[in-house]
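Here the structure comes first, spelled out in structure tokens, and everything after it is commentary.
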Ligand SMILES: [Fe+2]
Ligand SMILES: [Fe+2]
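In our numbering, the protein residues as written are 65 to 367.
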């Protein structure tokens, strides 16, 4: 595929915009709980007409907490996966080794950042909000798949982050500036990861027959199904957190509507925005047109 990504250029770009966790969280940099955390295109709280504006903002913040925690969680499988991919070929390409180790180091930093964020959230929000996990079990289940399927999942996640920030977050002036700053700093480093993932996918697909590539695509979709199961559980957690945080018990009909709307909102956030991303589809097509077509037949369910 003619994308022009190289290990040398991604390494140089990631070294040009360094930041430390201490620069962006703590020491007076606090979350503002009077503001929403997530853009409405991802949170989709407005269609829940039976909630008042305070309740909608509370649900938006619950979704924001889950968003960063779920990123922390998926990055726990990306970190060992990138290290395993780097390890067998530390030579002769020094740029490859350094770019992949930089990638892994940044993911380790993001995992720590999101844990640090969670402490601030718990202190300020005042109600415990459960998030799917534990991360080690989820990582184990995902890493049991074909490496090409895992690399495609990683590619999906990295481009998804780009799309969320550029399309929905960057120009949204309503969001809490501190939460937005976390998303911005994460996005800055993920730009290079998306390019490195493209190179990882290409190297894992090299030399495979079309049938073997399709096995990787099918395993990518299986991982998507596994994540979808987690999202169903997350909606139940969010409903429970919402009721405890607001003290409002929803009627059976309201709960049904909450589940229906929020499951689709979660599906769009974590699955649809990646599966329909033009760069993900272009990479799939460069491996095999059949792979792109298969994903395109399934993705409408997650939009
Ligand atoms: Fe990350
Ligand atoms: Fe990443």
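All C-beta atoms in this analysis are idealised placements derived from N, C-alpha and C, irrespective of residue type, glycine included. Quantities reported herein were computed from a predicted structural model and do not represent experimental measurements.
When the distance is taken between beta carbons, is residue j closer than 9 Å to residue i?
i           : j           : result
residue 249 : residue 341 : no
residue 348 : residue 281 : yes
residue 283 : residue 210 : yes
residue 212 : residue 272 : yes
residue 215 : residue 268 : yes
residue 132 : residue 295 : no
residue 352 : residue 266 : no
residue 182 : residue 71  : no
residue 359 : residue 223 : no
residue 300 : residue 323 : yes
residue 230 : residue 77  : no
For residue i, which residues in the same chain have their Cβ closer than 7 Å to its Cβ, ignoring the five residues on either side in sequence?
i           : result
residue 232 : 103, 105 and 106
residue 67  : 262
residue 276 : none
residue 95  : 184, 185, 188, 240, 242 and 243
residue 178 : 132, 133, 135 and 136
residue 264 : 149 and 215
Figure out for me which residue from the options has the closest Cα to the Cα of residue i.
i           : options               : result
residue 149 : 291, 261 and 189      : 261
residue 217 : 155, 191, 335 and 362 : 335
residue 253 : 181, 225 and 264      : 225
residue 190 : 154, 300, 315 and 311 : 311
residue 169 : 144, 198, 123 and 93  : 144
residue 339 : 366, 118, 151 and 200 : 366
residue 75  : 165, 356, 270 and 87  : 165
residue 115 : 314, 69 and 350       : 314
residue 288 : 316, 333 and 318      : 333
Check the C-beta distance from residue i over to residue j and give it rounded, since I have them as a contact under 8 Å.
i           : j           : result
residue 127 : residue 292 : Between residue 292 and residue 127 the Cβ distance is about 17 Å, and since that is not below 8 Å, they are no contact.
residue 202 : residue 285 : Contact flag wrong, Cβ pair sits at about 17 Å.
residue 278 : residue 354 : 6 Å
residue 97  : residue 125 : 7 Å
How about residue i: is its Cβ closer than 8 Å to a heavy atom in ligand 4?
i           : result
residue 221 : This structure lacks ligand 4; the ligands present are ligand 1 and ligand 2.
Keeping to the same chain, check which residues put their C-beta closer than 6 Å to that of residue i; ignore five residues upstream and five downstream.
i           : result
residue 129 : 185 and 193
residue 167 : 146, 257 and 260
residue 337 : 224 and 227
Suppose the cutoff is 8 Å on Cβ atoms and the five residues either side in sequence are ignored; what does the same chain contact list for residue i look like?
i           : result
residue 298 : 130, 134, 195, 196 and 330
residue 180 : 85, 89 and 90
Exercise. Say whether the stretch 132-146 touches the stretch 174-184, bearing in mind that this needs 3 or more beta-carbon pairs closer than 8 Å, one atom from each stretch.
Key: yes
Quiz item: Does the stretch 236-252 come close enough to the stretch 88-104 to have 3 or more Cβ pairs within less than 8 Å?
Solution: yes
Quiz item: Counting Cβ pairs closer than 8 Å, one from the stretch 300-307 and one from the stretch 75-83, do we hit at least three?
Solution: no
Quiz item: Are there three or more Cβ pairs, one per stretch, closer than 8 Å when the stretch 104-122 is compared with the stretch 321-334?
Solution: yes
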